[in-house]
Ligand code: 5RP
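Numbering (our numbering), first residue to last: 1 to 229.
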C-alpha cells in the first residue's frame, strides 16, 4: 500500500470514528497521524453541530490541534472518567492485542485508556497482523540510569535501539526516553510485558493487552468495525 492510499484509509477511519461521539461525552483523544484525521473530523462536528463535548488528550501535539479547532480540552485530573477514547495503533493481532507508541505517546495513552469506559482503535488495514512483533516495541524509560536498562535489554536479546529525534534522544511529553525493541515476533505478549515492566527504570511498555473494545479498520471496501470485547 502506498502512502497516499494509506492516508486515505486513515482519513476514512478517522471520519467514521467520530460518528460514535455523542453530545455531552468526555472523549479521550489519542495521538498519531490517524488520530489527526479523527480530531479534524471531530472539530468539524463540534463547530457544525455545536456538540457540547470535552476532550482529554494523550499528547501536547493533540492538545494543540484540538484547541486550534475549538474543541474544549480538560486535563485528565479535572474529569472523573472518560466515556470513550479513540486512538490509533501500530499493530493489532488476531486476538486484538496491540502495540502502540510509534508516535511516542504510549504512557499518556495508556493512562487515558485506563480511565476510559470504552476504548476504540482506528487503523488502516496494514496494521492488522496475525502475531505482534514486526513493529519495534516501544518501551518508555526514565533517563536516570537508562544506559543500564538498555544494557539489560541487550543481554535479554531484545535488540534495543534508542528512539532518536535528529541527533538528540527523543523525549516524551513526560520527559522520558524511549527504547525500541526489535523483536521480530512476540510469542507470549503477557509474559513479555511482565518481564519488561519489572525492570526498574521502565515506566511503561507499548503492549496494550486486553484493552480495546472496538476496532475500526480502513479497507478498500470501506470501514470495517470489529468488536473485541
Ligand atoms: C502514538 C501511537 C499511535 O497511535 C500509533 O503510533 C499509530 O500512529 P499512526 O496513526 O500515525 O500510524 O501509539 O504513540
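Using N, Cα and C, we set each Cβ at its ideal position, and we do this for glycine too.
Every value quoted in this text rests on a predicted model; they were computed, and no experiment measured them.
Beta-carbon proximity list for residue i, same chain, < 6 Å, skipping 5 on both sides
i, result
"residue 113", "85, 119, 211"
"residue 51", "23, 45"
"residue 174", "107"
"residue 49", "none"
Identified DSSP bridge partners for residue i
i, result
"residue 161", "180"
"residue 168", "165"
"residue 128", "92"
"residue 118", "84"
"residue 226", "215"
"residue 139", "179, 205"
"residue 54", "26, 72"
"residue 186", "In DSSP, residue 186 forms no bridge with anything."
"residue 99", "91, 207"
"residue 39", "Note: residue 39 sits in no beta bridge, so no partner."
"residue 123", "217"
Beta-carbon separation (whole angstroms), residue i vs residue j, contact threshold 8 Å
i, j, result
"residue 93", "residue 130", "7 Å"
"residue 41", "residue 18", "5 Å"
"residue 35", "residue 87", "6 Å"
"residue 199", "residue 149", "6 Å"
"residue 5", "residue 216", "Between residue 216 and residue 5 the Cβ distance is about 17 Å, and since that is not below 8 Å, they are no contact."
"residue 218", "residue 9", "3 Å"
Nearest-angstrom Cα separation, counted from residue j out to residue i
i, j, result
"residue 182", "residue 159", "5 Å"
"residue 123", "residue 14", "9 Å"
"residue 68", "residue 58", "16 Å"
"residue 32", "residue 155", "32 Å"
"residue 226", "residue 61", "28 Å"
"residue 184", "residue 157", "11 Å"
"residue 26", "residue 82", "5 Å"
"residue 65", "residue 29", "11 Å"
"residue 221", "residue 127", "16 Å"
"residue 196", "residue 47", "44 Å"
"residue 137", "residue 90", "9 Å"
"residue 229", "residue 102", "24 Å"
"residue 1", "residue 213", "27 Å"
"residue 206", "residue 132", "11 Å"
Burial state of residue i (16 or more Cβ within 10 Å)
i, result
"residue 135", "buried"
"residue 208", "buried"
"residue 143", "exposed"
"residue 153", "buried"
"residue 38", "buried"
"residue 151", "exposed"
"residue 168", "exposed"
"residue 70", "exposed"
"residue 98", "buried"
Neighbourhood of residue i by C-beta, 7 Å cutoff - its chain only, sequence neighbours within 5 removed
i, result
"residue 74", "54, 56"
"residue 145", "201"
"residue 140", "106, 107, 172, 176, 178, 203, 204"
"residue 110", "204, 208"
"residue 190", "209"
"residue 20", "84, 120"
C-beta neighbour in chain D for residue i, strict 8 Å
i, result
"residue 139", "Although the question refers to chain D, the structure presented lacks it and comprises just one protein chain."
Cut-off 8 Å between Cβ atoms - residues of its own chain near residue i, not counting five sequence neighbours on either side
i, result
"residue 170", "104, 162, 163, 164, 177, 178"
"residue 80", "none"
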